[in-house]
Amino acid sequence: MPITGVVPDGRREAIVDGDGVVERVSYELCVLVAVMDALRRREIYADGAARWRNPEEDLPADFEDNRDVHYENLHQPLDAAEFIATLKEAMRASAAPRSSPTVASPAGTCRTWAS
1380 MPITGVVPDG RREAIVDGDG VVERVSYELC VLVAVMDALR RREIYADGAA
1430 RWRNPEEDLP ADFEDNRDVH YENLHQPLDA AEFIATLKEA MRASAAPRSS
1480 PTVASPAGTC RTWAS
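To convert, note that position 79 of the sequence shown is 1458 in the working numbering; the numbers rise steadily by one, no gaps.
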């Protein structure tokens, strides 16, 4: 029974006792969480499912032949490094206004601390 990659390190003591016996129900819950995480990351897919289908099926049939046309329609660069640089800059720009300290208000929302 695989433990590594299925049971998070912080939960290992709760799943496996001192004698190495695995608590079945707890282990099964960890398996379900691991499968759900993999589905969300699109590392695995479920045949016949709508939401969790194979991501390759979402691409147009002529994607490889007309990659440049599809990227142009999406207003995205073909170069991955350029795409990543643009994304990093957008993330930095959106985080910059929030660089001042924030404090939780009594209502549970965050507000910027005036300095």
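Ideal placement from N, C-alpha and C gives every residue a C-beta, glycine not left out.
Per the C-alpha coordinates, the member of R1421, F1462, A1413, R1471 positioned closest to E1436 is R1421. Taking C-beta atoms under 8 Å as the contact rule, P1439 and H1449 qualify, at a distance of about 7 Å.
In this structure, the straight-line span from the alpha carbon of G1384 to that of A1429 is close to 27 Å.
Straight-line spacing of the CA atoms in L1408 and V1395 works out to 13 Å. Of the other Cβ atoms in all chains shown, 16 or more fall within 10 Å of the Cβ of V1386; this residue is therefore buried.
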